[in-house]
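First the structure, in the form of structure tokens, and then the observations on it.
Residue numbers (UniProt numbering): 1 to 298.
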């Protein structure tokens with residue numbers, strides 16, 4: 001998650017009263033909602049309907065068009081992305097029956113495509129989950145701050161929501177629901193694959209092989225390779241290649257390193273081998289990618 005550098009760009013209170021429904025366009029960024037009061041139904045294109053209740057957190061890593069409504073039978077009206085601090089849906093004279101904090105995150109574009117693809121299409125954590133007490137406390141803090149009118153309220157809400165995203169991803173990775181999707185959360189939830197993934201992430205420069213990863217997982221090479229590919233949607237060596245390039249991009253953003261130093265940091269014996277691997281994944285050599293990170297870069 002640290003490679004995504006998540007930042008809550010927009011967070012706002014959304015309320016609803018009576019019978020209401022809105023249709024939202026596809027976003028270019030991951031959308032989230034945190035239910036503060038009441039309930040509603042979210043139906044994203046290509047995904048099953050989700051009923052959201054008080055305390056629930058939901059993230060759509062790749063936000064398709066979606067409908068948000070008081071009930072599935074409500075006729076939605078189209079609603080464009082609105083940057084106002086508060087939005088109300090439904091009967092303006094009726095008492096509020098639904099209140100949520102909604103908005104979207106901005107992920108680091110350098111690695112967003114790879115890492116978002118490794119997340120499930122929906123991350124949904126139920127409020128009051130006995131296995132997620134930290135998440136419950138975070139939701140309570142966010143609800144309190146959303147009701148407050150103190151100094152730095154918006155900045156505090158942004159930081160709390162960013163922490164909530166990380167905690168929700170951790171809870172989801174431990175959930176049995178994670179096995180329904182291919183990707184990193186599924187792998188981290190698997191008791192066989194998790195030790196190998198943690199070892200790989202902890203020492204990306206190690207000379208990993210499928211056999212070595214299988215030994216870390218205490219299974220045969222064949223069993224490990226089959227299980228890894230089924231859970232992750234990539235072969236172990238494909239994943240290692242793409243993860244090394246993702247780490248290299250992050251290092252290029254945060255440190256001033258030569259190509260040879262970068263190569264060594266992410267497990268390549270030569271600058272040539274690293275440049276070949278980087279170009280294969282990123283579509284451009286590391287020197288060209290680095291220019292896009294410089295002030296005034298394209």
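Quick reminder that beta carbons are idealized off the backbone N, C-alpha and C, glycines included.
Bear in mind the structure is a predicted one, so any value in this text is a computation, not a measurement.
Restricting to runs no shorter than 3 residues, where is the beta strand (DSSP E) found entirely within the stretch 114 to 149?
123 to 125
Excluding the 5 residues preceding and the 5 following residue 95 in the sequence, name in chain order all residues of the same chain whose CB lies nearer than 7 Å to its CB.
17
Indicate whether residue 30 and residue 104 have their beta-carbon atoms separated by less than 9 Å.
Going by C-beta atoms, residue 30 is nearer than 9 Å to residue 104.
Who are the near neighbours of residue 219 in its chain, counting only those whose CB is closer than 7 Å to its CB and skipping five residues on each side?
192
Could you tell me the distance, in whole angstroms, from the CA atom of residue 140 to the CA atom of residue 102?
15 Å
How many Å lie between residue 299 and residue 270 at the Cα?
Residue coverage of the chain in this structure runs from 1 to 298, which leaves residue 299 outside it and unanswerable.
Once DSSP output is grouped into helix, strand and coil, what is the label at residue 27?
coil
Taking the beta strand (DSSP E) that residue 44 belongs to, which residues open and close that run?
39 to 44
Roughly how many whole angstroms lie between the Cα atoms of residue 268 and residue 85?
49 Å
How many Å lie between residue 204 and residue 153 at the Cα?
39 Å
Can you tell me whether residue 201 is buried or exposed? The criterion is at least 16 other CB atoms within 10 Å of its CB, across all chains shown.
exposed
Would DSSP call residue 302 helix, strand or coil?
Here the chain has residues from 1 to 298 only, and residue 302 is not among them.
Can you give the Cα-Cα distance for residue 136 and residue 217, rounded to whole angstroms?
Linking residue 136 to residue 217 through their CA atoms gives a straight-line distance of about 33 Å.
May I have the straight-line CA-CA distance separating residue 127 from residue 57, to the nearest angstrom?
7 Å
Comparing alpha-carbon positions, which option in 64, 75, 156, 132 lies nearest residue 122?
Closest by alpha carbon: 64.
DSSP three-state call for residue 17: helix, strand or coil?
strand
Alpha carbon to alpha carbon, how far is residue 39 from residue 292?
44 Å
Out of curiosity, what's the CA-to-CA distance linking residue 22 and residue 213?
48 Å
Do residue 20 and residue 124 have their beta-carbon atoms positioned less than 9 Å apart in this structure?
no
Going by DSSP, what residues sit across from residue 300 in a beta bridge?
No answer is possible for residue 300: it lies beyond the span of the chain, which begins at 1 and ends at 298.
So, is residue 209 buried or exposed, given that buried needs 16 or more other C-beta atoms within 10 angstroms?
exposed
Taking 8 Å as the limit between beta carbons, can you name the residues of its chain near residue 251, skipping five residues before and five after?
257, 262, 265, 266
Across which residues does DSSP place residue 66 in a beta bridge pair?
24, 44
State the start and end residues of the unbroken alpha helix (DSSP H) segment that holds residue 50.
Run containing residue 50: none in the alpha helix (DSSP H); it sits in the beta strand (DSSP E), 50 to 53.
Could you name the residues that DSSP lists as bridge partners for residue 313?
Because residue 313 is not part of the residues shown, which for the chain are 1 to 298, the question remains open.
Just verifying my parser: in three-state terms, what is the DSSP assignment at residue 234?
In the structure shown, residue 234 sits in coil (DSSP, three-state: anything other than H, G, I, E or B).
Between residue 206 and residue 97, what straight-line distance do the alpha-carbon atoms span, to the nearest angstrom?
55 Å
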